[in-house]
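Below is one structure; the comments refer to it alone.
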Amino acid sequence: MNIIGGDRLQPGYIKSYNNLGCTLAKLDRLEEAIQVYQQAIALQPDWAILHNNLGQALFEQSPVLAVAAYRRAIALQPDLALAHYNLGKALQLQGQHQQAIGCFEQAMKLAFDPAFDPAIALNDLSLSWIALGHWQRALAGFQAAIISQKLIIQAYCDWVKQLSGQDELTQARIACAQFLQGLLQLQFPVADDSVSDLTGDLTGDAIGDATDGLTGVGVALAQTYWHWGNVLTAYGGKAQYQQAEQYYQQALKLQPDDLNLHLNLANCLVKQERFSAALWVCHLGLAIHPHHPHLYAQLGHILKQQQQWAVAIAYYQKALEKPALVPWRKRVTQPDHLAVQQRVINVEPCFESTHQSNYPAKIYQTTQEWFTTEHPPNSQYLCLQPVLQPALPASHSSDTCPGLNCSPCLKRIFDRFNLIHLGNGVHTWQGSKPSTDTSSTDISSTDISSTGNTKLAIASFPLFIAVIPDGKAWATPQQNSWQICNAIAILTDKHTLLADLSRDYPGQLPDCPHSHPDRHRIFSSTLTAPKPIQGRVAALAGLSGHNYFHWMVDILPRLELLRQHGVDWESIDWFWINRLDHPFQRETLSALGISPTKVLESDQHPYIQADQLVVPSFAGHLGWLDPWALEFLRNAFLSVRPSSQVDSPQRIYISRAQADHRRVLNEAEVIHALLPFGFVPVTLETLSFAEQVALFARADVVIAPHGGGLTNILFCRPGTTVVELVSPHYIRHYYWVISDRLHLNHYFLAGETLTCNFIRQLMYPSSLTEDIWIDSAALQRLAQTLNLS
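With our numbering, letter number 480 in the sequence shown gets 785, and the count goes up by one each step, no holes.
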């Protein structure tokens, strides 16, 4: 590809091709971007920006060449702060932290460059200090990075003060808030020239030697890492285990003698099947705590996983011989010698028997393939909608695809919407046409048979009903607000997994070319014998079934699939479905005429085998509401009337004050800014389902943070204006799809983000939970732009 023709270009054209290179790089077309930059450099070799941008495009493929490009940019323009920063990042990722520190400091000295935010360099500078063991300098850097956003930090800490639970998530938040408050209160020596000149080079094992305050901060940081590691390990999943491992390792840098950290890190490594690394961690622990029974028991467990039975038994026996030699934290009990003895008993028979597995014996990618291949007696496959369109080709490695958070797949979806930035953090899309006249719209006759934006058409989702004699259904039960149902599996009587009726997190986005049923969570779970259920059971349980959005979008439409193919709900003896913890679950089922006495809760009965298992396909791609499902929900519930008359303000703000994540931290300020425009704040948890339906059906303007409450826009009239408040790090399409189907005027406003990535990721290991901070002035400007005054 020869993009640039001719021997000479005017400087203006060079800038155009630089912009082209930047665009190609953003599209992950790095080879083309590199070629554009190289050709432009050949024509104008003295422009530092081109060399800097070339380095960014080269970095993933050739870090050495990237470093050379950054150095050339700096030689041409020594005051180019961005080149100094990029060189620092490249050196940091290669482990050359001392050199990286010099680059970051130089970038900060050149902070007059308007294209560069020095807080970003300060964050990375502090990370390199951590890597070198200089914790005091790192903490001083983090403190300086967050001081300008102290209000956000304080709002988070104020909310955490109200928490009192003993679960790991709550304890992680409490420890994090203690660390943040301690960090803000620390007094560091202030140098004249740079953060690196702070006195005192404290290593990880001496973090508390300088002051009592620093001791408390170090302990709180270690506790934060500990609890987040426990949260992620308990939640499970490849990415979660890897992140938990990093947290445990950071905690060990702060508290290298901590026995619990060694044990939990080893356990995390075992879950990743990295047995050699787990053994190494246990032996490191034994070097600090010789002969400790828990470490011996852990070694026995690891070796048992590797089927090294004799050595495993030897370690278990050592565990039985040794008493606990160190005090344990209150949350950890003393060694249970009976439990250890039982482990020994369970291992010994393995010398004479082969390894038994309760994993699925076989996988069929589709239920139709199973039906046509095996011709199982008394089974049925009733096809409602076949796949008419192939999925898009692969664009990235399947090994690294993070499911619902897959950046290439998300970008492909966003491109379908043709997002338009209106300024001040406000976006809309090409198909969302401004209109505020909803007065003449007959909500009962809304046309939702086709999407407003034809680019939203995706590969058809196969819709079918499967009747499986002696079929099995398995689900992970919800444990608490964060350990939710994260896996569903349907198996035949021969223990064959039907992949298209099974799902697990991290999930899969529409048109994603990657499918790996062999990595389903059922293959890393221990299955007990299924509970036999007499009669006809409809399997409807779904991922995150406790969540209002997933209940409405992913679960309830499957009932309609049954009805569409003539399966009378009355003929079903049991509906296997997520636990009915919330009023909206009971109210919606009641409105559909399904008695709670016929519900078999999957949380209470996570593994069943029914005489006849009736399984509708999923209603569509996870979280993607298709037109037929939207029509079903509106027809089913718009006629539901609340038991009493409720106020129906035309302009509503939906509060998430009672949510445990993704809250608007400065909600009082936001509400105050909206009151002059006639908005009424509403807490949906205080309303019945019918009252919520009526509220949204009559609203003209809805402003709400991204969350389950926005699901109710599916009851809005065409022309209703929707403003979605989001964190810049968690922008998703779920509600855009609904708005597009109903011809709503949808906007989203991105809030302010913490510039210090270290602190942000410590507060929110997952961007899904990140809270929102909205600039009230930006909100007022948006209201004026939408003519809401």
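Where a beta carbon is used, it is the ideal one built from N, C-alpha and C, also for glycine. None of the values given here were measured: they were computed from a predicted structure.
#### Entry: Which of helix, strand or coil DSSP assigns to K331
As a first step, residue 331 is located in the sequence shown; it is residue number 26 there, counting from the start. DSSP, reduced to helix, strand and coil, places K331 within a helical segment of the structure shown.
### Task
Return the chain-ordered list of same chain residues with a C-beta closer than 6 Å to the C-beta of K576, the five sequence neighbours on each side being excluded.
The count along the sequence shown starts at 1 and reaches residue 576 at position 271. Within the same chain, K576 has close Cβ partners Y546.
#### Entry: Helix, strand or coil at Y1052 [DSSP, three-state]
Taking the first residue of the sequence shown as position 1, residue 1052 is located at position 747. Looking at Y1052 - three-state DSSP - the assignment turns out to be strand.
### Query
Per DSSP, what kind of secondary structure is R1022 in: helix, strand or coil?
One-based indexing of the sequence shown puts residue 1022 at position 717. Residue state, collapsed to three classes: coil.
### Query
Below 8 Å, can you find three or more Cβ-Cβ pairs linking the stretch 1048-1055 to the stretch 1020-1031?
Three or more Cβ pairs closer than 8 Å define a contact, and the stretch 1048-1055 meets that threshold against the stretch 1020-1031.
### Query
Do you know how far the Cα of I435 is from the Cα of V524?
Locating residue 524 in the sequence shown gives position 219, counting from the first residue. Locating residue 435 in the sequence shown gives position 130, counting from the first residue. Roughly 15 Å between the two C-alpha positions.
#### Entry: Cβ shell of V772 (< 7 Å), same chain only, five flanking positions each side left out
Taking the first residue of the sequence shown as 1, we reach residue 772 at position 467. S684, Q685, Q917 and V919, listed in sequence order.
### Whole-Å CB distance - R377 paired with H356, under 8 Å assumed
The sequence position of residue 377 within the sequence shown is 72, counting from 1. The sequence position of residue 356 within the sequence shown is 51, counting from 1. About 5 Å; that satisfies the 8 Å criterion.
### Task
Report the residue from V945, A941, A924 and I877 whose alpha carbon sits nearest the alpha carbon of W915.
Within the sequence shown, numbered from 1, the residue matching residue 915 stands at position 610. Looking at the sequence shown, residue 915 is not Trp but Ala. Of the candidates V945, A941, A924 and I877, the one whose C-alpha sits nearest the C-alpha of A915 is I877.
#### Entry: W840 versus L768: straight-line alpha-carbon distance, rounded
For the purposes of this step, residue 840 is identified with residue 535 of the sequence shown, where counting begins at 1. For the purposes of this step, residue 768 is identified with residue 463 of the sequence shown, where counting begins at 1. According to the sequence displayed, residue 840 carries Gly and not Trp. Put simply, the backbone Cα of G840 is about 24 Å away from that of L768.
#### Entry: Coarse secondary structure for V522, derived from DSSP in three states
Indexing the sequence shown from 1 puts residue 522 at position 217. DSSP places V522 in the helix class (H, G or I) of the three-state scheme.
### Query
With burial defined as no fewer than 16 other Cβ atoms inside 10 Å of the residue's Cβ, what is the status of R946: buried or exposed?
In the sequence shown, counting from the first residue as 1, residue 946 sits at position 641. So R946 ends up on the exposed side.
### Task
Rank L415, L600, H910 and H599 by C-alpha distance to the C-alpha of K777 and give the top, closest one.
As a position in the sequence shown, residue 777 is number 472, starting the count at 1. Closest option to K777, Cα to Cα, is H910.
### Query
Does DSSP put S469 in a helix, a strand or coil?
Residue 469 sits at position 164 when you count from the first residue of the sequence shown. DSSP, read as helix, strand or coil, puts S469 in coil.
### Task
Please look up how many angstroms separate the CB atoms of I451 and C1021, rounded, as I've assumed it's under 8 Å.
As a position in the sequence shown, residue 451 is number 146, starting the count at 1. As a position in the sequence shown, residue 1021 is number 716, starting the count at 1. About 39 Å; that fails the 8 Å criterion.
### Query
Roughly how many whole angstroms lie between the Cα atoms of W614 and P782?
Counted from its first residue, the sequence shown places residue 614 at position 309. Counted from its first residue, the sequence shown places residue 782 at position 477. About 32 Å.
### Query
F1001: buried (16+ other C-beta within 10 angstroms of its C-beta) or exposed?
If you number the sequence shown from 1, residue 1001 lands on position 696. Burial call: buried.
### Query
Would you call the CB atoms of W779 and L832 closer than 8 Å?
The residue labelled residue 779 in the question sits at position 474 within the sequence shown. The residue labelled residue 832 in the question sits at position 527 within the sequence shown. Taking 8 Å as the cut-off, the Cβ atoms of W779 and L832 count as close.
### Query
Around the Cβ of Q1089, are there at least 16 other Cβ atoms within 10 angstroms (buried) or fewer (exposed)?
Your numbering for residue 1089 matches position 784 in the sequence shown. Q1089 should be labelled exposed.
### Task
Return the residue from the list S765, D908 and H870 that minimises the CA-CA distance to A792.
The residue you call residue 792 lines up with position 487 of the sequence shown. It is D908.
### Query
Given a threshold of 16 other Cβ atoms within 10 Å of its Cβ, counted over all protein chains shown, does E626 qualify as buried or as exposed?
Working through the sequence shown from its first residue, we reach residue 626 at position 321. Exposed, by the Cβ-count rule.
### Query
Relative to the C-alpha of L689, which residue among A843, G925, F854 and I607 is closest?
As a working note, residue 689 is residue 384 in the sequence shown. Measuring C-alpha to C-alpha distances from L689 to each of A843, G925, F854 and I607 identifies G925 as the nearest.
### Message
Per the DSSP calculation, K777 is bridged to which residue(s)?
### Response
In the sequence shown, counting from the first residue as 1, residue 777 sits at position 472. Bridge partners of K777: L796 and Q914.
### Message
Measuring straight from C-alpha to C-alpha, what distance separates A857 and A405?
### Response
For this step, residue 857 is matched to residue 552 along the sequence shown. For this step, residue 405 is matched to residue 100 along the sequence shown. The residue asked about is misnamed: residue 857 is Met in this sequence, not Ala. Here the C-alpha atom of M857 lies approximately 50 Å from the C-alpha atom of A405.
### Host alpha helix (DSSP H) of H977 (start-end)
Walking along the sequence shown from the start, residue 977 turns up at place 672. From DSSP, the alpha helix (DSSP H) with H977 extends over E972 to L979.
### Query
Is the beta carbon of Y553 less than 8 Å from the beta carbon of G541?
The sequence position of residue 553 within the sequence shown is 248, counting from 1. The sequence position of residue 541 within the sequence shown is 236, counting from 1. No. Outside cutoff.
### Query
Are three or more beta carbon pairs between the stretch 1066-1081 and the stretch 965-978 nearer than 8 Å?
Under the 8 Å Cβ criterion, the stretch 1066-1081 counts as touching the stretch 965-978, having at least three qualifying pairs.
### Task
Reducing DSSP to helix, strand and coil, say where K414 ends up.
In the sequence shown, the residue the question calls residue 414 occupies position 109. DSSP, reduced to helix, strand and coil, places K414 within a helical segment of the structure shown.
### Query
Does DSSP put Q955 in a helix, a strand or coil?
On the sequence shown, residue 955 is found 650 positions in, with the first residue counted as 1. Q955 falls in the coil class under three-state DSSP.
#### Entry: Alpha-carbon spacing of I618 relative to A362, whole angstroms
Counting from 1 along the sequence shown, the entry for residue 618 is found at position 313. Counting from 1 along the sequence shown, the entry for residue 362 is found at position 57. Cα-Cα distance, rounded: 54 Å.
### Message
I'd like the span of the beta strand (DSSP E) that includes K903, first residue to last.
### Response
By one-based count along the sequence shown, residue 903 stands at place 598. No beta strand (DSSP E) holds K903; DSSP gives it neither H nor E.
### Message
What does the Cβ neighbour count give for V369, buried or exposed, with the cut at 16 atoms within 10 Å?
### Response
By 1-based counting over the sequence shown, the position of residue 369 is 64. By the 10 Å Cβ count, V369 comes out exposed.
### Query
In three-state DSSP terms, what is V1031?
Here the question's residue 1031 lines up with position 726 in the sequence shown. Of the three classes helix, strand and coil, the one that applies to V1031 here is strand, per DSSP.
### Task
With distances taken Cα to Cα, identify the nearest neighbour of F923 among F421, I770 and L396.
Position 618 of the sequence shown, counting from 1, holds the residue named residue 923. Of F421, I770 and L396, the residue nearest in Cα terms is I770.
### Message
Using only the alpha-carbon positions, how far apart do L1019 and N723 sit?
### Response
In the sequence shown, counting from the first residue as 1, residue 1019 sits at position 714. In the sequence shown, counting from the first residue as 1, residue 723 sits at position 418. Straight-line Cα distance between these residues: approximately 22 Å.
### Query
Since C688 is in the beta strand (DSSP E), which residue starts that stretch and which ends it?
On the sequence shown, position 383 is the one that residue 688 refers to. Element bounds for C688: Q685 to Q690.
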